[in-house]
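Since the structure comes first, as structure tokens, the remarks are kept for the end.
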Amino acid sequence: EAGVVQSPRYKIIEKKQPVAFWCNPISGHNTLYWYLQNLGQGPELLIRYENEEAVDDSQLPKDRFSAERLKGVDSTLKIQPAELGDSAVYLCASSLDQSGLAFFGQGTRLTVV
Amino acid sequence: GESVGLHLPTLSVQEGDNSIINCAYSNSASDYFIWYKQESGKGPQFIIDIRSNMDKRQGQRVTVLLNKTVKHLSLQIAATQPGDSAVYFCAENVGAGSYQLTFGKGTKLSVIP
């Protein structure tokens, strides 16, 4: 069974440019998460979806970050415009139910120059 | 022995020895705990979990101990192998409808061949 798939693996952009990340969760997993991981830190939740509904986006910086999960499967996370401080790894995870056991993708490493 | 590095606590062990990685969690209402292993350039990988109604749970070469009195969690790895070298994170789920994992700072395990 395929795990959580994310693309791209790496992205380098100039500041003020837009960037988007894509995530395909494990088949059948209704809950999808986007996490941010800074170097040397644990992942921090940005947004959680139950099917297509964003049920927890309190940690998402809404002035520049947006996310969508239109059909309740794949999801995209967008940053516009990117800032130098956005350089980090963006992790997508999914879980079968609301138990909290999340399975993670490989992440997208973003570098803003 | 265990030491605090610049960014992550580091534990260095000899191959074949047992490893113990500790974690202090913050919320006494947390009812579900997960240990993740994260290798360089990869997303966190599930190792073992435990619910708050248990004190101990064993997997293959790994054991998780939970002490709710002092809010402490530990991961024991038996016969540590070079492939165990990674950063280990504990994560807690507050439950009560939260469904959000909060990650600890992580411990870097280095196995000396």
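As given, the protein sequences belong to chains L and A, one line each in that order.
Anchor point for the first sequence: position 70 equals 71 in the working numbering, and the numbering is continuous, going up by one each time.
Anchor point for the second sequence: position 10 equals 26 in the working numbering, and the numbering is continuous, going up by one each time.
In this text, a Cβ means the ideal position worked out from N, Cα and C, and glycines have one as well.
Candidates the options, of which the one nearest residue i by Cα
{"i": "Ala94(L)", "options": "His88(A), Phe62(A) and Gln92(A)", "result": "Phe62(A)"}
{"i": "Tyr50(L)", "options": "Lys17(L), Lys72(L) and Val90(L)", "result": "Lys72(L)"}
{"i": "Gln92(A)", "options": "Leu117(A), Ser68(A), Cys106(A) and Phe119(A)", "result": "Cys106(A)"}
{"i": "Ile50(A)", "options": "Leu89(A), Thr123(A) and Gly99(A)", "result": "Leu89(A)"}
{"i": "Ile36(A)", "options": "Thr85(A), Val103(A) and Asn69(A)", "result": "Val103(A)"}
{"i": "Leu46(L)", "options": "Glu53(L), Leu40(L), Asn52(L) and Asp58(L)", "result": "Asp58(L)"}
{"i": "Val78(A)", "options": "Val110(A), Asp47(A) and Ile66(A)", "result": "Ile66(A)"}
{"i": "Ala1(L)", "options": "Asp75(L), Phe22(L), Pro44(L) and Arg70(L)", "result": "With chain L covering 2 to 114 only, the question about residue 1(L) has no answer from this structure."}
{"i": "Ala144(L)", "options": "Pro44(L), Trp35(L) and Val74(L)", "result": "Residue 144(L) is absent from the model: chain L starts at 2 and stops at 114."}
{"i": "Thr85(A)", "options": "Asn34(A), Lys58(A), Gly57(A) and Ala45(A)", "result": "Ala45(A)"}
Cβ-based neighbour list, residue i, same chain, cut-off 7 Å, excluding 5 preceding and 5 following
{"i": "Gln81(L)", "result": "Pro19 and Arg65"}
{"i": "Gln107(L)", "result": "Gln7 and Arg10"}
{"i": "Val127(A)", "result": "Val29, Glu31, Thr96, Gln97, Pro98, Asp100 and Ser101"}
{"i": "Ile64(A)", "result": "Trp51, Arg73, Gly75, Val78 and Val80"}
Residue-chain proximity (residue i, chain L), Cβ-Cβ < 8 Å
{"i": "Gly122(A)", "result": "yes"}
{"i": "Tyr48(A)", "result": "yes"}
{"i": "Phe62(A)", "result": "yes"}
{"i": "Asp65(A)", "result": "yes"}
Under 7 Å from the C-beta of residue i: neighbouring residues of chain L
{"i": "Gly59(A)", "result": "Leu92, Phe105, Gly106, Gln107 and Gly108"}
{"i": "Asp33(A)", "result": "Within 7 Å Cβ-Cβ: nothing; Asp33(A) doesn't reach chain L, min ~25 Å."}
Chain L contact residues for residue i, given Cβ-Cβ distances below 8 Å
{"i": "Gln116(A)", "result": "Leu46, Arg49, Asp57 and Gly101"}
{"i": "Leu24(A)", "result": "Gly41"}
Contact set for residue i: own chain, Cβ-Cβ below 6 Å, skip 5 residues either direction
{"i": "Asn3(L)", "result": "Correcting the residue type first, residue 3(L) is Ala in the shown sequence and not Asn. Same-chain partners within the cutoff: there are none."}
{"i": "Leu24(A)", "result": "Gly122 and Lys124"}
{"i": "Asp98(L)", "result": "none"}
{"i": "Leu117(A)", "result": "Ala107 and Asn109"}
{"i": "Met70(A)", "result": "none"}
Residue i CB to nearest heavy atom of the ligand ATP below 7 Å
{"i": "Gln74(A)", "result": "As far as ligands go, the structure on display features none, and thus does not contain the ligand ATP."}
Chain-order list of residues whose beta-carbon lies under 8 Å from that of residue i (same chain, five-residue window excluded)
{"i": "Ser88(L)", "result": "Leu111, Thr112 and Val113"}
{"i": "Ser42(A)", "result": "Lys87, Glu108 and Thr118"}
Counting only Cβ-Cβ distances shorter than 8 Å, please list the residues of the stretch 41-52 of chain L near chain A, keeping chain order. For the stretch 41-52 of chain L, which is checked against every Cβ of chain A, the residues closer than 8 Å are Gly41, Gln42, Gly43, Pro44, Glu45, Leu46 and Arg49.
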